[in-house]
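Data block below; observations after.
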Amino acid sequence: METKISFFSFLLLLLLLAYSASAQMPGFVSLDCGGKENFTDELGLVWTSDANLIYGETAIVSVTNETRKQYTTLRHFPADSRKYCYTLGVMSRTRYLLRATFLYGNFDNNNVYPKFDISVGATHWSTIVISDANTIETIELIFLASSPTISVCLSNATTGQPFISTLELRQFNGSIYYTAYENQFYLSVSARINFGADSEDPVRYPDDPFDRIWESDSVKKANYLVDVADGTEKVSTDAPIDVSRNQMPPEKVMQTAVVGTNGSLTYRLNLDGFPGFGWAVTYFAEIEDLEPDESRKFRLVLPGYPDMSKAIVNIQENAQGKYRLYQPGYPNISLPFVLSFKFGKTADSTEGPLLNAMEINKYLEKNDGSPDGEVIASVISPYASADWAQEGGDPCLPVPWSWLQCNSDGRPRIVKISLSSKNLTGNIPSDLPKLNGLVELWLDRNSLTGSIPDFTGCRDLEIIHLENNQLTGELPSSLLDLPNLRELYVQNNLLSGTVPSGLLNKNIVLNYSGNPNLHEGGQRGKHIAIVIGSSVGAAILLIATIASCLFIRRGKRSSDQERSRVPPPVQRLVSNDTPAEGAYCFTFSEIEDATKKFEKKIGSGGFGVVYYGKMKDGKEIAVKVLTSNSYQGKREFSNEVTLLSRIHHRNLVQFLGFCQEEGRSMLVYEFMHNGTLKEHLYGPLTRGRSINWIKRLEIAEDAAKGIEYLHTGCVPAIIHRDLKTSNILLDKQMRAKVSDFGLSKLAVDGASHVSSIVRGTVGYLDPEYYISQQLTDKSDVYSFGVILLELMSGQEAISNESFGVNCRNIVQWAKLHIESGDIQGIIDPSLDDEYDLQSMWKIAEKALMCVQPHGHMRPSISEVLKEIQDAILIEREAVAVREGNSDDMSRNSIRSSLNLGSLEFGGTENYLALDDTVAQPAAR
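FYI, the numbering for the sequence shown is -23 to -1, 1 to 901, going by mature numbering (1 follows the signal peptide of the UniProt record, and there is no 0).
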């Protein structure tokens, strides 16, 4: 068992450690979480063990190719409702970099990848999602300290256990990273790139005196830095660079760069945490020796948006000399998740553009937390060494301390304090009555002394439990001024005097027994409920009161639940599997006439055969005939009739009715003239008329809308369970509709559905569902991700020939290409390069998110739909540009829809002013 020390002793230890290393690295704290001893690493950083932390458990981690000592251990915490905090000492009004890292390494031998939240004080910082046991997840935050401490808390585990490997604090100097919004917003680090790096190793301390980590542009991170233009070459110098301006990037970073020898530099990168408003800066220094007749001038271009080209950059002119830093950018700009950018040389420039480094951070709005924070801190300060007083962070956010309850206001107030049997001594804290949102106060079974304070400031107080203490003095008459008081327990204390008559006449539960010197005075009223005298009498009345309250609450809850759980109008099936009234019942003769005795077969499947028909009124229909003697088919028939009778959406194939006669079961749908999506991608309908990329995106949008309706528009939600390209049908206008609900399931109360038999189609089947039989809406999302990959590639979900050796499924094949940046390797050749690469990347990345191995890592179908719609906007503008008929209005609408921004270049100022409509953080 680890040695326990007080919260403030641990805080003091951290402060001393920070100052002890001041000669080498002022304001640095490096915590080795789970480590047993202090040490100095190969960089010269001093690491401190957190062994004196009184909660959490340590674990040893063994990961191949990871030898750094700080990553051989970690500290993990229970997956409960509490939050677990580290509190670090800082200097107020000073800026810091805060960094946390997480290396799972399967420390718990469960192979369950954890997902949990991390917060800074009351502000949610990030959700940590572990997707690879052997990869270090790193998050960084830049903040202006507003108090002597800052708390970093882990909480809200949805899978696995919260854990942390390292926690680091780095102090900045002067005005570095100053923003006009720093009192209301943190900067969450999204990208910090060293272009032209001579190795894959990051640049950090001691080359960067602030120990920022500058990632090498040569590291092939999945979907991070791709679309590099031909002719991009690295250049470097040994000459000193003047980096004394603003953010002071390290000289080693500025001594390398990339140059676009063919006239352009192009990149595409994913920005963690975006879309949103951010801070973006590029770093330039002229490190090549240009001849007098040579020049380097270029401008920023966003591909497809010629109006977005900005002022000309001339590095030597802007930096006022060679080997000097110039860092233009935006202190506040709207950026998308996928940022594609290009630097292109001007017509009068002899040299291509040059880029040394780039930083992009997102504005993260600070939460001020509960206004009761300071008050409750003073209340618990005498008990700093107690376990219950060491949870840290804000008392209410993101989750309340275990002995508190808070309301749900934007700035939550404490409404309940539960400190029964906590060995409290001394007087009742004098600041308690300042908690004016308090409703319940439980301080019973302690050793509190002194008098009962005046609680008149707590107008909402309903319940006060002070029994079984050593309180003295009178029962204060100020208790009469609490309008909502209904329970007052002060028995078994040392109170004296007379019980105020007003309390005796107040309609409350009152127990003052066990106070020998406290007497009743005055006349009792008629409506009081007094608990007094023997403990047996007290218990009886108390039990009766509680029972009454429970009965009333239970009755109310039951009534509320009945009102909120009115079942939807689902058509019921009678016992012989014949659908009841509600769906139209066709006669067999009607079906036989319409299909000309089942003359034209238009499809088949496990369910049976589908025939074309035409009713007397001219309406074309598709009749699905259940395979005879199929028990599975009968069950699916009943299921589909039940579901389709109550759902209606433009992107779901319209269900017209059913027929059960002559020993046959049939379903009747609207006829979809253009067949299935599968036929258009790699079936007989592809010959000579492959559908283009914009149409594929529109089909994806239609299908996603239909699925979104099933997931969010139906109560309870409906899980399709067999999404695939053959179940997406196309009408005369090539608009898509989702069909085939024979395998669908109702999702009850948001819970996952457990199925003893996994159903679906190979290639589209969610692997998590296959393993666990836990069916959720994310199983549909997985299948839809496969469909997106099919739309991109024109390949089937499963193939023995198309994907190379040892690879039969499209997910594995596409993932290898996309994560290596080779998106061209999976794009359908029949598209003939008639597509915008940015829209293609947007779909590729969302498809990979859809097919993540674990459901909690996948987006909702609504999130997928939004990305598809954004891709459509990008593609429509690209089509307009290709066809030469784009106009300012269409471009502006596209830009507005995408929330796109760009870096601002030009002039001699480091930052350029923005229009107020652009230059406001997202939350303002």
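Every residue, glycine too, gets a C-beta built ideally from N, C-alpha and C. This structure is a prediction, so every number in the text was calculated from the model and none was measured.
For residue 714, the uninterrupted beta strand (DSSP E) segment begins and ends at 713 to 715. Secondary structure at residue 228: helix, using DSSP grouped into helix, strand and coil.
Take residue 185, set aside five residues on each side of it, and the residues of its chain with a beta-carbon closer than 6 Å to its own are 227, in chain order. If you draw a straight line from the Cα of residue 699 to the Cα of residue 411, it comes to about 59 Å. Counting C-beta pairs with one atom in each stretch, the segment 362 to 378 and the segment 267 to 281 have fewer than three that are closer than 8 Å, which means they do not touch.
Per the coordinates, the alpha-carbon of residue 189 lies some 25 Å from the alpha-carbon of residue 242.
Cβ contact annotation for residue 451 (same chain, cutoff 6 Å, sequence separation greater than five): 474, in chain order. Judged by beta-carbon spacing, residue 681 lies within the 8 Å limit of residue 845, meaning their Cβ atoms are closer than that value. Residue 636 sits away from residue 575, with the two beta carbons spaced by 8 Å or more.
By the beta-carbon neighbour count (other beta carbons within 10 angstroms, threshold 16), residue 169 is buried. By the criterion of a C-beta distance shorter than 8 Å, residue 424 is surrounded in its chain by 400, 401, 402, 446 and 447, once the five residues flanking it on both sides are discounted. Here residue 20 is exposed: its Cβ has fewer than 16 other Cβ atoms, across all protein chains shown, within 10 Å. From the listed residues 59, 142, 335 and 422, the smallest Cα separation to residue 28 is found for 142. Excluding five sequence positions before and after residue 384, the CB atoms of its chain that fall closer than 6 Å to its own CB belong to 390 and 392, given in chain order. Note on the segment 294 to 364: whole alpha helix (DSSP H) runs with a minimum of 4 residues are 350 to 357, in chain order. For residue 415, DSSP records no beta bridge to any residue. Per the coordinates, the alpha-carbon of residue 125 lies some 14 Å from the alpha-carbon of residue 146. A distance of 8 Å or more separates the beta carbons of residue 72 and residue 127.
Using a Cβ distance threshold of 8 Å, residue 565 and residue 656 do not count as a contacting pair. Per DSSP, reduced to three states, the secondary structure at residue 704 is helical. In the DSSP annotation of this structure, the continuous segment of the beta strand (DSSP E) that includes residue 9 starts and ends at 6 to 9. For residue 402, the three-state secondary structure derived from DSSP is strand. Residue 117: member of the beta strand (DSSP E) spanning 114 to 121, first to last residue. In this structure, the straight-line span from the alpha carbon of residue 335 to that of residue 693 is close to 48 Å. Per DSSP, reduced to three states, the secondary structure at residue 130 is strand.
With a cut-off of 8 Å on Cβ pairs, the segment 317 to 329 is not in contact with the segment 153 to 168, counting fewer than three such pairs. Judged by DSSP secondary structure, residue 755 falls within the alpha helix (DSSP H) whose first and last residues are 754 to 770. Residue 60 has its alpha-carbon roughly 32 Å from the corresponding atom of residue 823. A Cβ-Cβ separation of about 21 Å leaves residue 467 out of contact with residue 408 under the 8 Å criterion. For residue 658, the enclosing alpha helix (DSSP H) covers residues 654 to 659. With a contact defined as Cβ atoms closer than 8 Å, residue 55 and residue 91 miss out at about 12 Å.
Apart from the 5 residues on each side of it in sequence, residue 458 sits with its Cβ closer than 7 Å to the Cβ of 433 in its chain, given in chain order.
Burial state of residue 743 is buried, judged by a 10 Å Cβ sphere holding 16 or more other Cβ atoms. Bounds of any alpha helix (DSSP H) do not take in residue 66; it lies within the beta strand (DSSP E) bounded by 61 to 66.
Beta-bridge annotation (DSSP): residue 465 is paired with 441 and 487. When only Cα atoms are considered, residue 430 and residue 420 end up about 13 Å apart.
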